[in-house]
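Asker:
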Amino acid sequence: MIFLDFYKKIYNNQHVDGFRLQIIYHIGMLILLSSILVEPFREWLGFGWWFILWVLVVQRICGHYATLFYHRMLCHNHFTVVPWFERLVVLLSPMALQGYPAGYVIVHLMHHKYADQEGDPHPPVSATRRRWVNLVFPFLHDSKELELKLIIKFMRRPGQKFITKYYWYMVAFITVLFCIVNYKLLFIWLAGTQLGIFMGYMLNTYGHNPPDSKLYFWKHYRGDIDSTHKAVNLPGWSLQGRGENWHYVHHTYPNRWNFHPEAEQGKLDQNAWIIDKLVKLGIAEVKTPA
């Protein structure tokens, strides 16, 4: 019953397309878990390590796409790109299956505006919410009303009106195309993109957590920088974080395009390294301090 209650709350919430995205998330994660744990499904799928490998590849690509372009470029405007490249990034957004950019941007801007206080759309831990809720229902947002004024200027960017109107039509087209070519491609796509969302919400959940957590990034605010560095550099954590694991840096200095805590010494996080290469290619231009 509790699952149905959460679904009802998502359905009645004003988050952009949260209900659709939540259903897709559960389908993707169900495919991934079934391919590993359910023998009849594994046999029907013709399961092999190739399947998991391609799921991880898709997860990696979509993770970089979301954190680099949705987060740093479109939401925070840390860097800009030439118009044709931005239109390409926007047109590719249905492949990442994380909702159209405007939906992400408005929720994330509200998160920064009300971080860890009343009005934050996705508080990790509260009186009625626990860690598992974030990971099982990542599109369950607690804000009562979306502040549409936050994206008025954003909607003037290249391709935003088009993708907002046609996003789900494009998702449907991609789904049918994968079914025609090979249903296994559809399963890889769904499992990989939603695993990327799961990893993203892992970072979000443990990036805003009570002080008894070993992954409590906000110790930085109390001056415990050594403990913070150890937390974000746990094996595999920094690899999956793509630089977003330096979450405390981002919230302390939200205008920095390079989240690495030693940015002043010339060190780059993973996404910042990509931005640097795009700048050298003449495709991008950084708009904020490193």
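Per the working numbering, the sequence shown runs over residues 10 to 299.
Using N, Cα and C, we set each Cβ at its ideal position, and we do this for glycine too.
1. Does the beta-carbon of VAL66 have 16 or more other beta-carbons within 10 angstroms, so that it is buried, or is it exposed?
2. Of the residues LEU83, HIS121, TYR210 and GLU294, which one's Cα is nearest the Cα of PRO110?
3. Apart from the five residues on each side of it in sequence, which residues of its chain come closer than 8 angstroms, Cβ to Cβ, to LEU77?
4. How should TYR178 be labelled, buried or exposed, when 16 other C-beta atoms within 10 angstroms of its C-beta is the threshold for buried?
5. Count the other CB atoms within 10 Å of the CB of VAL190; is the residue buried (16 or more) or exposed (fewer)?
6. Would you call PHE88 buried or exposed, if buried means 16 or more other Cβ atoms sit within 10 Å of its Cβ?
7. What's the call for GLU253, buried or exposed, on a 16-neighbour Cβ count within 10 Å?
8. Can you tell me which of the three DSSP states ILE202 falls into?
9. Rounded to the nearest angstrom, what separates ILE32 and HIS260 at their Cα positions?
10. With burial defined as no fewer than 16 other Cβ atoms inside 10 Å of the residue's Cβ, what is the status of PHE268: buried or exposed?
11. Using three-state DSSP, classify THR89 as helix, strand or coil.
12. With LEU301 and MET208 assumed to form a contact (beta carbons below 8 angstroms), what rounded beta-carbon distance in angstroms separates them?
13. Does the pairing of the stretch 190-200 with the stretch 111-122 give three or more beta-carbon distances under 8 angstroms?
14. Using beta-carbon positions only, say whether LEU205 and ALA75 come within less than 8 angstroms of one another.
15. Apart from the five residues just before and just after ILE292, which ones in its own chain have a Cβ nearer than 7 angstroms to its Cβ?
16. Quick one: residues in its chain with C-beta nearer than 6 angstroms to the C-beta of TYR123, no 5 flanking neighbours on either side, listed in chain order?
17. Taking the beta carbon of ASP278 as the centre, do at least 16 other beta carbons fall within 10 Å, making it buried, or is it exposed?
18. Starting from GLU48, trace the alpha helix (DSSP H) both ways and give me its first and last residue.
19. Checking the sheet assignment: what are the DSSP bridge partners for GLU294?
20. On a Cα-Cα basis, can you pick out the residue from LEU97, VAL47, GLY55 and ASP14 that is closest to PHE146?
Answerer: Reading it off the structure:
1. Looking up residue 66 in the sequence shown gives position 57. It counts as exposed.
2. The residue labelled residue 110 in the question sits at position 101 within the sequence shown. Per the Cα distances, LEU83.
3. Position 68 of the sequence shown, counted from the first residue, corresponds to residue 77. Counting only Cβ-Cβ distances below 8 angstroms, and skipping sequence neighbours, we find ARG251, ASN280, ILE283 and ILE284.
4. Numbered from 1 along the sequence shown, position 169 holds the residue referred to as residue 178. Exposed.
5. Numbered from 1 along the sequence shown, position 181 holds the residue referred to as residue 190. VAL190 should be labelled exposed.
6. Counting from one through the sequence shown, the residue named residue 88 turns up at place 79. Per the 10 Å Cβ criterion, buried.
7. Along the sequence shown, one-based indexing puts residue 253 at 244. Burial call: buried.
8. By one-based count along the sequence shown, residue 202 stands at place 193. Here the sequence assigns Thr to residue 202, which means Ile is not the residue at that position. Reduced to three states, the DSSP call for THR202 is helix.
9. Numbered from its first residue, the sequence shown carries residue 32 at position 23. Numbered from its first residue, the sequence shown carries residue 260 at position 251. Cα to Cα, ILE32 sits roughly 30 angstroms from HIS260.
10. Here residue 268 refers to the residue found at position 259 of the sequence shown. Buried.
11. Taking the first residue of the sequence shown as 1, we reach residue 89 at position 80. Strand.
12. The question about residue 301 has no answer here: the residues shown for the chain are numbered 10 through 299.
13. no
14. Position 196 of the sequence shown holds residue 205. Position 66 of the sequence shown holds residue 75. Reading off the sequence shown, one finds Gly at residue 205, where the question assumed Leu. Yes, the Cβ-Cβ distance between GLY205 and ALA75 is below 8 angstroms.
15. As a working note, residue 292 is residue 283 in the sequence shown. Cβ neighbours of ILE292 beyond the five flanking positions: VAL90, VAL91 and PHE94.
16. Indexing the sequence shown from 1 puts residue 123 at position 114. Same-chain partners within the cutoff: ASP129.
17. Taking the first residue of the sequence shown as 1, we reach residue 278 at position 269. Counting Cβ neighbours within 10 Å, ASP278 comes out buried, since at least 16 surround it.
18. To locate residue 48, count along the sequence shown from 1; it is residue 39. Segment 48-54, the alpha helix (DSSP H) holding GLU48.
19. Working through the sequence shown from its first residue, we reach residue 294 at position 285. In the DSSP output, where bridge partners are listed per residue, GLU294 has THR89.
20. As a working note, residue 146 is residue 137 in the sequence shown. Measuring from the Cα of PHE146, the nearest candidate turns out to be ASP14.
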